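Structure first, commentary second.
Residue numbers (the numbering used here): 10 to 302.
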């Protein structure tokens, strides 16, 4: 009996597969190490600035002392406002593109446009918000203008994630519901969308992270250089953590003196984003436990 000889072509395939898997693992390792390094750097340099006074007081003495309470509240308002604007509009748009629109050249052009918008620099959205919401609609520099601008900024991300989540729902779910005499709209609202909800929440999580960390859009539409009072309406200006970091690091008169405050503010921003993301992740996990195929 002759000895088994493996196929050289299969050996070459396994070798290539192992090489590319190794590259992917190396890339994931590098990204993880970089993320851990950034967080560790901010912890080491910023943890000393964190205190109850830092979290509950407004800036004092040309923003060289005091806290960042107005910036925390402003960032929270802008982020939540952006999600309230983008999530319903993004989900409705994804439902139309996936469930109702007749697939053809026009829909392909729309999808290309959405993908292109996802890659547009944020400063372009900021200038659009300045020209349309602040000047044309006369909302002024306010929470409303900033939230609408950030909502448009994260809208392509949410549309793309929601559309992929809707496509992932098995077609048999739709067919079974329609076969029972349920209307198409009730099938979508009661069967398809709840099944796709975890994926939609994933897109929302990505949108929250981007909205909370953007500086350019709110610089033109919502952020104030300094304000010691909390906003009383959606037409008020607010301080925001990303813009506050930018001001402390570039436009302040005592840049070196405020260096610990810069790191502390960046650390608070990361914790705030992670906290909002954690809430969305918990909601997604609860939905997944309730909706199992």
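Cβ coordinates follow ideal geometry from the N, Cα and C atoms, glycine included.
Treat the numbers as computed from the prediction; the structure is a model and nothing was measured.
Check	Outcome
Decide if residue 272 is buried, meaning its Cβ has at least 16 other Cβ atoms within 10 Å, or exposed.	buried
For residue 247, count neighbouring Cβ atoms within 10 angstroms of its own Cβ and tell me buried if that reaches 16, exposed if not.	buried
Please name the residue or residues paired with residue 79 in a DSSP beta bridge.	In DSSP, residue 79 forms no bridge with anything.
Quick one: any contact between the segment 110-117 and the segment 174-194, if contact means 3 or more CB pairs under 8 Å?	no
Got a sec, what are the start and stop residues for the alpha helix (DSSP H) residue 202 sits in?	202-222
What are the start and end residues of each continuous alpha helix (DSSP H) run of 4 or more residues lying completely inside the segment 108-147, in chain order?	114-127, 131-138
Should residue 93 be labelled buried (16 or more other beta-carbon atoms within 10 Å of its own) or exposed?	exposed
For residue 158, is the classification buried or exposed, using 16 other Cβ atoms within 10 angstroms of its Cβ as the cut-off for buried?	buried
Output the distance between the C-alpha atoms of residue 155 and residue 166, rounded to the nearest integer angstrom.	18 Å
DSSP three-state call for residue 68: helix, strand or coil?	strand
Which residue or residues does DSSP assign as beta-bridge partners of residue 74?	69
Buried or exposed: where does residue 60 fall if 16 or more other Cβ atoms within 10 Å of its Cβ makes it buried?	exposed
Using a threshold of 8 Å, state whether the C-beta atoms of residue 76 and residue 64 are closer than that.	yes
So, is residue 50 buried or exposed, given that buried needs 16 or more other C-beta atoms within 10 angstroms?	exposed
Buried or exposed for residue 204, going by 16 or more other Cβ atoms inside 10 Å?	buried
Just verifying my parser: in three-state terms, what is the DSSP assignment at residue 94?	helix
Have a look at residue 259 and residue 198 and give me their C-alpha separation to the nearest angstrom.	49 Å
Using alpha carbons as the reference points, say which of 250, 264, 238, 284 lies closest to residue 227.	250
Taking residue 186 as the reference, give the member of 292, 279, 196 with the closest Cα.	196
Label residue 79 either buried or exposed according to how many other C-beta atoms from any shown protein chain fall within 10 Å of its C-beta, with 16 as the threshold for buried.	buried
For residue 281, which residues from the same chain have a beta carbon less than 6 Å from its beta carbon, with the 5 sequence-adjacent residues on both sides left out?	none
Taking the alpha carbon of residue 293 as the reference point, which residue from 99, 211, 42 has its own alpha carbon closest?	211
Whole-angstrom Cβ separation of residue 243 and residue 153, contact assumed at under 8 Å?	4 Å
Taking all protein chains shown into account, decide if residue 245 is buried (16 or more other Cβ within 10 angstroms of its Cβ) or exposed.	buried
Span of the alpha helix (DSSP H) holding residue 242?	Unbroken run through residue 242: none, as it is neither H nor E.
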